[in-house]
Amino acid sequence: MPLSFLGAGIGNVWPHLNTFILQLTDVGERDMAASALSTVQMYAVAFGTALAGLVGNLTGFNDASNLAHIANSAIWLFCLFGFAAALAVVASRKLVADLKAKHHESAGS
């Protein structure tokens, strides 16, 4: 059930994120930016999957007979990807703040 909510959340956010990105690009570069969005998404999925597999194997997920190792692996995966998500939130808030400041400067000129 939680993965269903996760998928629904990503599905609801992704079109708005794409629109936001395309609004920030120059008119002459929008075609290239639009085509890059799906490429970046595919690379991110591949990288995230590989990283999850690496962390899972390094923290004991490959030992299915030991529930303590599986729990340890789950904690590490949650912390790692939670940290990555928090870092993305901080970076996006800074980006939006910088863009708002730039917009206010150009509107005042």
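Residue numbering for the sequence shown follows the numbering used here, beginning at 2 and increasing consecutively.
Each residue gets a CB set at the ideal place from its N, CA and C atoms; glycine is no exception.
Quick caveat: nothing in here was measured; it's all calculated off a predicted structure.
Check	Outcome
Cβ pair Phe62, Ile76 closer than 8 Å	no
Stretch-stretch touch, CB-based, cutoff 8 Å, three pairs: the segment 46 to 58 with the segment 78 to 87	yes
Straight-line Cα distance separating Val91 from Leu4	24 Å
Whole-number beta carbon distance between Leu100 and Leu25, since they are thought to touch under 8 Å	7 Å
CB contact flag (Asn1, Leu38, <8 Å)	What the structure shows of the chain is the stretch from 2 to 110, and residue 1 is not part of that stretch, so it cannot be assessed.
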